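In terms of our numbering, the numbers along the sequence shown are unbroken and rise by one, the last being 1415. Quick reminder that beta carbons are idealized off the backbone N, C-alpha and C, glycines included. On a predicted model such as this, the values are computed, not experimentally measured, just so you know. In what follows, a structure is listed as structure tokens, so that the remarks can point back to it.
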Amino acid sequence: MRTMIVAVSLGVVVVGLSSCSRVELPGYRPVAAGPVSPNEPLPPTQFEWPQDKAVGVSLSFDDARASQLDVGVPLLDSFGVKATFYVSIVPMRERLSDWKAVLATGHEIGNHSLRHACTTNFSFSKGKALEDYTLEQMAAELDQANSEIEKSLGVCPVTFAYPCGQKFVGRGVNAKSYVPVVASRFLAGRGWREEAPTAPAVCDLAQLMTMELDGLTWEQLKVLVEQARKTGGWLVLCGHDVGEGGRQTVRIDTLRAFCEYARDPKNGVWVDTVAHIGRYVAEHRIVPGRRQAKSGGTR
Ligand SMILES: [Zn+2]
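Right, here's the structure in full:
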């Protein structure tokens, strides 16, 4: 048994190095290449947004749903707003040329795992429950999802969205966090249905606090943006379908109102992909005992 686990682990390392190996992340090196990771051993203490910005906002959409392509992307593109799409592999393959076009217009494609494993308590988890996973299996599947995306779209994801926002494998005394698996592969990991914005000065980039965008009216979303502004936070939002309304759906009127608001320079909102803002955070916060990164623009 022990031999088998070691063999699987080595396999994971090989897969991890062979796929997406050319991607360079700021302040980040894969575990196999050195000790520096985006999540420094000492907690960072200070951070400032670029000069004309008071709050960061990232819009993200999960599962490669058709309405994202048919409704969401055209709306975002009409305002020049960039978002992150955490794609599921099967629906991504069904509309490859459309997803390539999404990439070409400057949006980000992120990793959302290979099989969308969540807790066994969901009926859709049959045969792929996190309680039955090992860290090695999860690592192999994240690498395989990266490889599938790279083969299909020619880009290697640099950020990850935890399916169902759940970050564990196993159960009871054998349960383990798979945050380290994500932290060693990605610049950032995004959650789901949390209660506050991310605090860029001190956050663990592998566990970005994430709030639900589905179903919000513009009035409700504006409250979240203003709450994040008060603390200089990074509001990371997650939605699913885009339409007039309904289950797991980002409202078109809300998205349009947000884009109009975010595009007005006097509101001081930096809206950009998880990768772009995550990279800026990684490069610009102060870590004790480590030289501060040079300040720069918003990209
Ligand atoms: Zn999902």
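Checklist entry - Can you list, in chain order, the stretches of the alpha helix (DSSP H) that have 4 or more residues and sit fully within the segment 1330-1413? => result Scanning the segment 1330-1413 for uninterrupted alpha helix (DSSP H) segments of 4 residues or longer gives 1334-1346, 1368-1379 and 1390-1400, listed from N- to C-terminal end.
Next on the checklist: Check for me: the beta strand (DSSP E) holding residue 1224 runs from which residue to which?
Outcome noted: Here the question's residue 1224 lines up with position 108 in the sequence shown. Segment 1224-1227, the beta strand (DSSP E) holding residue 1224.
Checklist entry - Name the DSSP beta bridge partners of residue 1181, please? => result Translated into the one-based positions of the sequence shown, residue 1181 becomes position 65. DSSP lists no partner for residue 1181.
Next on the checklist: In whole angstroms, give me the CA-to-CA distance for residue 1322 and residue 1255.
Outcome noted: In the sequence shown, the residue the question calls residue 1322 occupies position 206. In the sequence shown, the residue the question calls residue 1255 occupies position 139. Roughly 15 Å between the two C-alpha positions.
Next on the checklist: Assuming residue 1220 is part of the alpha helix (DSSP H), what are its boundary residues?
Outcome noted: Working through the sequence shown from its first residue, we reach residue 1220 at position 104. DSSP places residue 1220 inside the alpha helix (DSSP H), whose first and last residues are 1212-1220.
Checklist entry - Leaving out the 5 sequence neighbours to the left and right, which residues in its chain are closer than 7 Å to residue 1232 when beta-carbon positions are compared? => result Reading the sequence shown from its first residue, position 116 is the one you call residue 1232. Setting aside the 5 residues that flank it on each side, residue 1232 is surrounded in the same chain by 1204 and 1279, each with a C-beta closer than 7 Å to its C-beta; the list follows chain order.
Next on the checklist: Just checking residue 1207 against ligand 1 - is the residue's beta carbon closer than 7 Å to any of the ligand's heavy atoms?
Outcome noted: Along the sequence shown, one-based indexing puts residue 1207 at 91. No; taking the cut-off as 7 Å, the Cβ of residue 1207 has no heavy atom of ligand 1 nearer than that.
Checklist entry - For the alpha helix (DSSP H) that contains residue 1325, what are its first and last residues? => result In the sequence shown, counting from the first residue as 1, residue 1325 sits at position 209. It is not in any alpha helix (DSSP H) - residue 1325 carries neither H nor E in the DSSP assignment.
Checklist entry - How about the segment 1159-1167 and the segment 1180-1192: do they share at least three Cβ pairs that are nearer than 8 Å? => result The answer is no - the segment 1180-1192 does not touch the segment 1159-1167, with fewer than three Cβ pairs under 8 Å.
Checklist entry - Is it right to say residue 1303 is buried, meaning 16 or more other beta carbons lie within 10 angstroms of its own, or is it exposed? => result Locating residue 1303 in the sequence shown gives position 187, where the first residue counts as 1. Around the Cβ of residue 1303, a 10 Å sphere holds 16 or more other Cβ atoms; the residue is buried.
Checklist entry - Helix or strand or just coil, what does DSSP make of residue 1306? => result Stepping through the sequence shown from its first residue, residue 1306 is reached at position 190. Assigned with DSSP and collapsed to three states, residue 1306 falls in strand.
Checklist entry - Which same chain residues, not among the five before or five after residue 1244, have their C-beta less than 6 Å away from its C-beta? => result Taking the sequence shown and counting its residues from 1, the one referred to as residue 1244 is at position 128. When the five nearest sequence neighbours on each side are left out, the beta carbons in the same chain lying within less than 6 Å of the beta carbon of residue 1244 are those of 1231 and 1233, in order along the chain.
Next on the checklist: Suppose you measure from the CA of residue 1296 to the CA of residue 1361; what does that come to, to the nearest Å?
Outcome noted: Start at 1 with the first residue of the sequence shown, and residue 1296 comes out as number 180. Start at 1 with the first residue of the sequence shown, and residue 1361 comes out as number 245. Distance between the alpha carbons of residue 1296 and residue 1361 is about 37 Å.
Next on the checklist: Do residue 1159 and residue 1318 count as a contact pair if the criterion is CB distance below 8 Å?
Outcome noted: Sequence index remark: in the sequence shown, residue 1318 carries index 202 (1-based). Sequence index remark: in the sequence shown, residue 1159 carries index 43 (1-based). Yes. Within cutoff.
Checklist entry - Could you give the residue range of the alpha helix (DSSP H) that holds residue 1417? => result Past the edges of the chain, shown from 1117 to 1415, lies residue 1417, and the structure says nothing about it.
Next on the checklist: Measuring straight from C-alpha to C-alpha, what distance separates residue 1347 and residue 1211?
Outcome noted: Numbered from 1 along the sequence shown, position 231 holds the residue referred to as residue 1347. Numbered from 1 along the sequence shown, position 95 holds the residue referred to as residue 1211. Distance between the alpha carbons of residue 1347 and residue 1211 is about 40 Å.
Checklist entry - By how many angstroms is the C-alpha of residue 1225 removed from the C-alpha of residue 1268? => result Here residue 1268 corresponds to residue number 152 of the sequence shown, with the count starting at 1. Here residue 1225 corresponds to residue number 109 of the sequence shown, with the count starting at 1. Rounded to the nearest whole angstrom, the CA to CA distance from residue 1268 to residue 1225 is 11 Å.
Next on the checklist: Strictly under 8 Å for the Cβ-Cβ distance: is residue 1186 near chain D by that measure?
Outcome noted: Within the model displayed, chain D is absent; a lone protein chain is all it includes.
Checklist entry - Mind checking residue 1213: buried by the 16 CB within 10 Å criterion, or exposed? => result Here residue 1213 corresponds to residue number 97 of the sequence shown, with the count starting at 1. Its Cβ having fewer than 16 others within 10 Å, residue 1213 is exposed.
Checklist entry - Which residues bound the alpha helix (DSSP H) around residue 1240? => result Here residue 1240 is taken as the residue at index 124 of the sequence shown, counted from 1. Unbroken run through residue 1240: none, as it is neither H nor E.
Next on the checklist: I'd like to confirm something about residue 1316: is its beta-carbon nearer than 7 Å to some heavy atom of ligand 1, or not?
Outcome noted: To locate residue 1316, count along the sequence shown from 1; it is residue 200. No, since every heavy atom of ligand 1 falls outside the 7 Å radius drawn around the Cβ of residue 1316.
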